[in-house]
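*Asks:* This note's numbering numbers the first residue of the sequence shown as 152 and each following residue consecutively. All C-beta atoms in this analysis are idealised placements derived from N, C-alpha and C, irrespective of residue type, glycine included.
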Amino acid sequence: MSNEELGEFLFPKIEKTPKYYLENYPKREIKKQSKVVRYAPSPTGFQHIGGVFAALINERIASQSEGVFILRIEDTDQKREVEGAIYDTIETMKHFGMDFNEGVTGEGEEIGGYGPYKQSLRKEIYQTFAKDLVKKGLAYPCFCTQEELNEVREKQTSIKVTPGYYGEYAKCRNLSLDDIKSHIEKGHNFILRLKSPGDIENRVEFHDLIKGDISFPENNQDIVIIKSDGLPTYHFAHAIDDYLMKTTHVIRGEEWLSSLPIHVQLFQVLGFDAPNFAHIPTIMKQDGDAKRKLSKRKDPESAVSYYKEQGYPVESVTEYLLNIINSNFEQWREENPDISYKEFPVSLEKMSKSGALFDIIKLNDVSKNIIAKMNSDKVYDLYIEWTKEFDKESYDLAVKYEEKLRKVFNIDKEGTKPRKDFEKWSDVKEKIFYFFDELFYLKGIEDVELPKNMNLDEAKNIVEEYIKIFDINGDNNIWFENLKSFALKLGYAGDRKTFKKDPENYKGMVSDVAGVIRSSITHRTNTPDLYTIIQIMGKEKVEERFKRFLNL
Ligand code: GLU
Numbered sequence: 152m153s154n155e156e157l158g159e160f161l162f163p164k165i166e167k168t169p170k171y172y173l174e175n176y177p178k179r180e181i182k183k184q185s186k187v188v189r190y191a192p193s194p195t196g197f198q199h200i201g202g203v204f205a206a207l208i209n210e211r212i213a214s215q216s217e218g219v220f221i222l223r224i225e226d227t228d229q230k231r232e233v234e235g236a237i238y239d240t241i242e243t244m245k246h247f248g249m250d251f252n253e254g255v256t257g258e259g260e261e262i263g264g265y266g267p268y269k270q271s272l273r274k275e276i277y278q279t280f281a282k283d284l285v286k287k288g289l290a291y292p293c294f295c296t297q298e299e300l301n302e303v304r305e306k307q308t309s310i311k312v313t314p315g316y317y318g319e320y321a322k323c324r325n326l327s328l329d330d331i332k333s334h335i336e337k338g339h340n341f342i343l344r345l346k347s348p349g350d351i352e353n354r355v356e357f358h359d360l361i362k363g364d365i366s367f368p369e370n371n372q373d374i375v376i377i378k379s380d381g382l383p384t385y386h387f388a389h390a391i392d393d394y395l396m397k398t399t400h401v402i403r404g405e406e407w408l409s410s411l412p413i414h415v416q417l418f419q420v421l422g423f424d425a426p427n428f429a430h431i432p433t434i435m436k437q438d439g440d441a442k443r444k445l446s447k448r449k450d451p452e453s454a455v456s457y458y459k460e461q462g463y464p465v466e467s468v469t470e471y472l473l474n475i476i477n478s479n480f481e482q483w484r485e486e487n488p489d490i491s492y493k494e495f496p497v498s499l500e501k502m503s504k505s506g507a508l509f510d511i512i513k514l515n516d517v518s519k520n521i522i523a524k525m526n527s528d529k530v531y532d533l534y535i536e537w538t539k540e541f542d543k544e545s546y547d548l549a550v551k552y553e554e555k556l557r558k559v560f561n562i563d564k565e566g567t568k569p570r571k572d573f574e575k576w577s578d579v580k581e582k583i584f585y586f587f588d589e590l591f592y593l594k595g596i597e598d599v600e601l602p603k604n605m606n607l608d609e610a611k612n613i614v615e616e617y618i619k620i621f622d623i624n625g626d627n628n629i630w631f632e633n634l635k636s637f638a639l640k641l642g643y644a645g646d647r648k649t650f651k652k653d654p655e656n657y658k659g660m661v662s663d664v665a666g667v668i669r670s671s672i673t674h675r676t677n678t679p680d681l682y683t684i685i686q687i688m689g690k691e692k693v694e695e696r697f698k699r700f701l702n703l
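1. Using only the heavy atoms of the ligand ATP, determine whether one of them is closer than 7 Å to the beta carbon of tryptophan 407.
2. Just verifying my parser: in three-state terms, what is the DSSP assignment at alanine 549?
3. With a threshold of 7 Å (Cβ to nearest heavy atom), would glutamate 232 be considered close to the ligand GLU?
4. Threonine 279 to threonine 168, Cα distance in whole Å?
5. Histidine 339 by DSSP, collapsed to three states: which one?
6. Of all the options Asp393, Arg448 and Val455, which has the alpha carbon lying nearest to the alpha carbon of phenylalanine 428?
7. Going by other Cβ atoms of all chains shown within 10 Å of its Cβ, with 16 needed for buried, is alanine 321 buried or exposed?
8. Got a sec: does the ligand GLU put a non-hydrogen atom nearer than 7 Å to the Cβ of tyrosine 385?
9. Can you look up glutamine 419 in the DSSP assignment and give me helix, strand or coil?
10. Nearest by alpha-carbon distance to leucine 590: which of Glu581, Asn606 and Glu597 is it?
11. Quick check: leucine 508 and glutamine 437, are their CB atoms within less than 8 Å of each other?
12. DSSP state of cysteine 293, grouped into three classes?
13. Could you tell me the alpha carbon to alpha carbon distance between arginine 344 and isoleucine 377, rounded to whole angstroms?
14. How would you call threonine 673, buried or exposed, if buried means at least 16 neighbouring beta carbons within 10 angstroms?
15. Please list the segments of the beta strand (DSSP E) lying wholly inside the stretch 449 to 513, counting only runs of 3 or more residues, in order along the chain.
16. Is glutamate 225 near the ligand GLU, with its Cβ less than 7 Å from a heavy atom?
17. Tell me the rounded alpha-carbon separation between leucine 445 and serine 271.
18. Mind checking whether the beta-carbon of valine 401 lies closer than 7 Å to any heavy atom of the ligand GLU?
19. Is any heavy atom in the ligand GLU found nearer than 7 Å to the beta carbon of proline 432?
20. Can you tell me which of Ile596, Phe637 and Asn628 puts its alpha carbon nearest to the alpha carbon of isoleucine 613?
21. Which term fits arginine 669, buried or exposed, when burial requires 16 or more other beta carbons within 10 angstroms of its beta carbon?
22. Give the range of the alpha helix (DSSP H) segment to which asparagine 427 is assigned.
23. DSSP three-state call for serine 379: helix, strand or coil?
24. Pick out the complete beta strand (DSSP E) segments inside the stretch 383 to 420, 3 residues or longer, and give them in chain order.
25. For asparagine 371, which residues from the same chain have a beta carbon less than 8 Å from its beta carbon, with the 5 sequence-adjacent residues on both sides left out?
Structural data, given as structure tokens:
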């Protein structure tokens with residue numbers, strides 16, 4: 152039997168030839184600078200922040216080069232598939248506003264002319280190329296059992312040689328065609344291996360767009376290309392798909408860097424031009440003195456759902472990730488405060504070569520600034536959306552007091568120093584509870600914050616006197632001037648300087664008095680502008696709060 156006949160014998164149902172597919176996946180009509188990239192998750196779990204990180208880099212690179220962004224589902228390891236994972240991937244992409252041009256869009260649905268985009272639907276394609284390799288004598292079936300493979304490995308370990316299926320250890324490499332036939336006739340399962348032409352004595356020079364110049368020995372392992380279930384391994388599917396889909400840049404996790412010798416060889420053996428490669432660093436976390444991978448088990452922030460549940464605006468997470476992708480993003484953002492992050496040119500070359508460090512404090516800081524820039528209506532809308540899903544009590548209040556809440560969100564919004572007190576929507580309730588009796592009256596004396604050096608008796612004394620002169624009419628200046636003369640009458644200095652000059656002579660300063668007024672109506676020492684709070688609450692409510700304070 153010839154190799155030609157062996158190909159037919161192993162794959163009798165495969166009728167097409169590589170030529171058919173090569174013609175059906177034509178060169179793309181795109182601009183010279185356009186990049187074709189893909190995000191290619193395996194549906195083995197729910198989306199991880201590392202996945203969004205990889206997807207975002209790909210999406211930005213495609214979008215800014217007027218290229219093509221593909222969502223390919225790599226589901227060849229069917230034992231590990233998790234139900235709902237594909238749906239979760241698609242939803243995550245939508246949630247982050249990452250529109251892909253081609254790929255899987257739902258159950259049995261896809262868009263684009265270079266599909267199918269789900270690898271399990273491409274079995275015939277992989278087998279067509281595999282059959283062709285067999286016919287050319289470049290691939291062969293292997294019938295070794297797990298026990299036999301274990302035995303070889305043990306032997307290799309004991310004599311301290313590189314483990315694996317290669318050279319003299321590649322038992323099935325030299326099976327005669329008749330042997331193969333007899334195995335198959337006995338019903339033995341087989342996998343297909345590449346007959347590696349590599350020699351580890353030869354080095355391959357390689358340029359990775361992120362890692363720079365690297366070199367490695369040629370692959371000499373007869374790696375598996377088709378598994379016993381007829382589906383391809385990642386390596387084989389990667390080479391076929393990225394060639395047929397005309398991927399120009401494979402941007403993927405650095406865990407694949409060590410397989411690059413295999414991939415480079417597969418492209419050569421298949422006679423394909425290899426794409427450019429960029430291996431992106433793994434997201435790490437500082438843990439004490441050490442850095443470690445963000446862990447699904449230990450770190451809640453590794454799950455994409457965490458950010459949604461906590462109420463981080465999507466833009467906050469996106470911009471935070473852009474900070475990790477390119478450290479010059481922060482400066483760019485400062486220089487361009489008002490334009491979309493989409494204008495920022497993401498650069499693979501400027502990415503850190505080693506681990507990307509994830510830091511929730513930095514995320515909070517980014518998010519604070521993003522919320523600060525939103526107008527109050529946008530804040531209201533996003534808050535309503537979040538509470539509806541995650542905090543029913545706050546949702547009901549936000550609907551009931553919509554008008555008031557919009558005003559609350561507008562406090563200190565305009566002007567040069569907008570308020571920056573929300574990092575995420577789950578912070579809001581604790582920051583604005585005092586506007587709602589339903590929340591405020593749940594709190595007792597133990598929850599009242601008073602200004603430093605102020606005792607409750609003196610605070611009550613101030614409020615008791617203030618009720619008598621409290622006047623809600625007039626602008627902020629008039630109101631403050633009144634407060635100041637009131638403070639002077641009670642023996643407080645009109646400003647800090649006067650107080651500092653002669654502290655013995657005063658009980659404190661006007662800010663202490665204002666602080667007491669603030670505490671009495673909000674229970675907090677730190678709030679946005681007090682005058683505005685009073686105006687939003689209205690005369691009656693403020694007076695009711697004063698009285699309640701006196702009874703605490
Ligand atoms: N399915 C692979 C993974 O999830 C994709 C790697 C790639 O982008 O090529 O790791």
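*Replies:* Once the coordinates are examined:
1. Of the ligands this structure carries, namely the ligand GLU, none is the ligand ATP.
2. helix
3. no
4. Approximately 6 Å, taken between the alpha carbons.
5. coil
6. Asp393
7. buried
8. yes
9. In the three-state scheme derived from DSSP, where H, G and I count as helix and E and B as strand, glutamine 419 is classed as helix.
10. Glu581
11. In contact: leucine 508 and glutamine 437 (Cβ atoms closer than 8 Å).
12. Cysteine 293 carries a strand assignment under DSSP once its states are collapsed to helix, strand and coil.
13. 7 Å
14. buried
15. 507 to 509
16. Taking non-hydrogen atoms of the ligand GLU into account, the C-beta of glutamate 225 is found less than 7 Å away from one of them.
17. Each residue's alpha carbon lies about 30 Å from the other.
18. yes
19. no
20. If we check each option's Cα against that of isoleucine 613, Phe637 comes out closest.
21. buried
22. First-last for asparagine 427: 427 to 431, but that is the beta strand (DSSP E), not the alpha helix (DSSP H).
23. coil
24. 400 to 404
25. Tyr317, Gly318, Ser347, Gly349, Asp350 and Ile351
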